[in-house]
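A short write-up of the structure that comes next.
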Amino acid sequence: MTEVNEGAVDLVEVIRGDRVESVHRGHIVVCDGAGEIVEAWGDPSAVIYPRSACKMVQALPLLESGAGAHLTSAQLALASASHEGAAVHVAGVNAWLRDLAMSEQNLRCGTHMPYSDDARADLIRAGDRPCQLHNNCSGKHAGFLALSKHLGAGPEYVEPDHPVQLAVRRTFEEVTGMDSPGYGIDGCSAPNFATRLDAFGRAMGLFAGARDGGGLRQDAMVRLTRAMGAEPMLVAGEGRACTDLMHAMGGRVAVKTGAEAVFIAIIPELNRGIALKIVDGTTRAAEAVIAAMLVRLGVLDAGAPVAKRLTHGPITNCRDKVTGHYNVRLR
Numbered sequence: 001m002t003e004v005n006e007g008a009v010d011l012v013e014v015i016r017g018d019r020v021e022s023v024h025r026g027h028i029v030v031c032d033g034a035g036e037i038v039e040a041w042g043d044p045s046a047v048i049y050p051r052s053a054c055k056m057v058q059a060l061p062l063l064e065s066g067a068g069a070h071l072t073s074a075q076l077a078l079a080s081a082s083h084e085g086a087a088v089h090v091a092g093v094n095a096w097l098r099d100l101a102m103s104e105q106n107l108r109c110g111t112h113m114p115y116s117d118d119a120r121a122d123l124i125r126a127g128d129r130p131c132q133l134h135n136n137c138s139g140k141h142a143g144f145l146a147l148s149k150h151l152g153a154g155p156e157y158v159e160p161d162h163p164v165q166l167a168v169r170r171t172f173e174e175v176t177g178m179d180s181p182g183y184g185i186d187g188c189s190a191p192n193f194a195t196r197l198d199a200f201g202r203a204m205g206l207f208a209g210a211r212d213g214g215g216l217r218q219d220a221m222v223r224l225t226r227a228m229g230a231e232p233m234l235v236a237g238e239g240r241a242c243t244d245l246m247h248a249m250g251g252r253v254a255v256k257t258g259a260e261a262v263f264i265a266i267i268p269e270l271n272r273g274i275a276l277k278i279v280d281g282t283t284r285a286a287e288a289v290i291a292a293m294l295v296r297l298g299v300l301d302a303g304a305p306v307a308k309r310l311t312h313g314p315i316t317n318c319r320d321k322v323t324g325h326y327n328v329r330l331r
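Right, here's the structure in full:
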């Protein structure tokens, strides 16, 4: 295992005029349906926090326990989401909590302003404050609450020794194929378990290779992957990379971003899973690389507007003048 900054390679150049102004470095792994590496850039053994890119893994115990047997595709998408706090997200999580005979007060994700411009403006105009339903992780936390209720466990479900988080850690280590070397506390207060990038890529490969009828875990993986592809607006929101990429691919591929420039893709038709990490934590670089990888694998049209926007730009200034572009290097 190596530190995340060791062995990284140049992946994205930022061009201004005719000069390279900055370079983003990182690591990428592509794994097959058995979890074996088929391509890699940088150092696959780099240790990362997967952050929100692992939400579908965190949701596996919800389904494997039986607690999520009757959940809808929309609820599973919300459980895997980093949503923008728009009305559709808030309403969906709120309805789920009512089904659990719970409320926003039972959440432990904390409060931030919604990422949605419209939702933020609506709150300001109304003189209201955001609540935990607006938190981008509120859907994941509703899933945690559903599992906690099913287990008959206590209310502090984000504590590392709570039955919910013990189940998440056990599942995370099983699908990554390694013991986690530790955890950090995520922005939503839940533990986020560290792992090697190749181990995380293994998990994404297993999701891609899962098939209906393959057993409890594969069935759960299929449900979550399909839900993300079927409900891309719930996974992120209007104009966001995850949503736009999944729309462009017709829901055939599930993609998910994580904070500090982690990104994954699950491609069932190719039995391929992708995991990547940009060392400097810059979102624009992670979005550029995942889009370029999807084009490389033939599941995203290079001419699609979202592909052009994320992999090339152009970069514009406040007067809409073109000042530069991106150049993704996958050599």
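All residue numbers for the sequence shown refer to UniProt numbering, where the first residue is 1 and numbers rise by one. In this text, a Cβ means the ideal position worked out from N, Cα and C, and glycines have one as well.
ask   = GLY214 to LEU60, Cα distance in whole Å?
value = 15 Å
query = Roughly how far, in whole angstroms, is the beta-carbon of ALA190 from the beta-carbon of GLU64, given that I think they are within contact range, below 8 Å?
reply = Not quite, the Cβ-Cβ distance comes to about 18 Å (not below 8 Å), so this is no contact.
task = Could you name each continuous alpha helix (DSSP H) segment of 4 residues or more that falls completely within the region 172–246, going from the start of the chain to the end?
result = 197–209, 216–230 and 232–235
message = In this structure, how does DSSP classify ASN317 when only helix, strand and coil are distinguished?
response = coil
task = Would you check if the region 12–27 and the region 275–290 touch, i.e. whether three or more CB-CB distances between them fall below 8 Å?
result = yes
request  = Give every residue of the same chain whose Cβ lies closer than 8 Å to the Cβ of CYS242, excluding the five residues on either side of it in the sequence, and list them in chain order.
outcome  = SER82, PRO232, VAL235, ALA236, VAL255, LYS256 and THR257
ALA288 - containing alpha helix (DSSP H), residue span = 283–296
request  = Find out if the Cβ-Cβ distance for the pair ALA227, ALA74 is shorter than 9 Å.
outcome  = yes
Bridge partners - LYS277, DSSP secondary structure assignment = HIS27 and VAL262
ASN327 - DSSP class collapsed to helix/strand/coil = strand
key: Neighbour-count burial assignment, GLN105, 16 or more Cβ in a 10 Å radius   = exposed
query = Of all the alpha helix (DSSP H) runs that stay within the bounds of the region 62–147, which reach a length of 4 or more residues?
reply = 73–79, 87–99 and 117–126
query = What residue range is occupied by the uninterrupted alpha helix (DSSP H) comprising LEU310?
reply = 305–311
Helix, strand or coil at LEU300 according to DSSP, with G and I counted as helix = coil
query = Out of PHE144, MET178, THR176 and VAL253, which has the shortest C-alpha to C-alpha gap to PRO163?
reply = PHE144
request  = Work out the CA separation of LEU78 and ALA86 for me, nearest whole Å.
outcome  = 12 Å
Residue 351 and ALA307 closer than 9 Å at C-beta = With the chain covering 1 to 331 only, the question about residue 351 has no answer from this structure.
ask   = Do three or more CB pairs link the region 289–300 to the region 245–252 at distances below 8 Å?
value = yes
key: Residue(s) in a DSSP beta bridge with SER22   = VAL14
Run of the alpha helix (DSSP H) containing VAL57, from where it starts to where it stops = 55–58
inquiry  = Using a 10 Å radius around the Cβ and a threshold of 16 neighbouring Cβ atoms, would you call ASP43 buried or exposed?
reply    = buried
task = In the DSSP assignment, find the unbroken beta strand (DSSP E) run with ALA40 in it and report its ends.
result = 37–41
task = Would you mind working out which of SER22, HIS70, VAL9 and ARG19 sits nearest TRP41, comparing C-alpha positions?
result = VAL9
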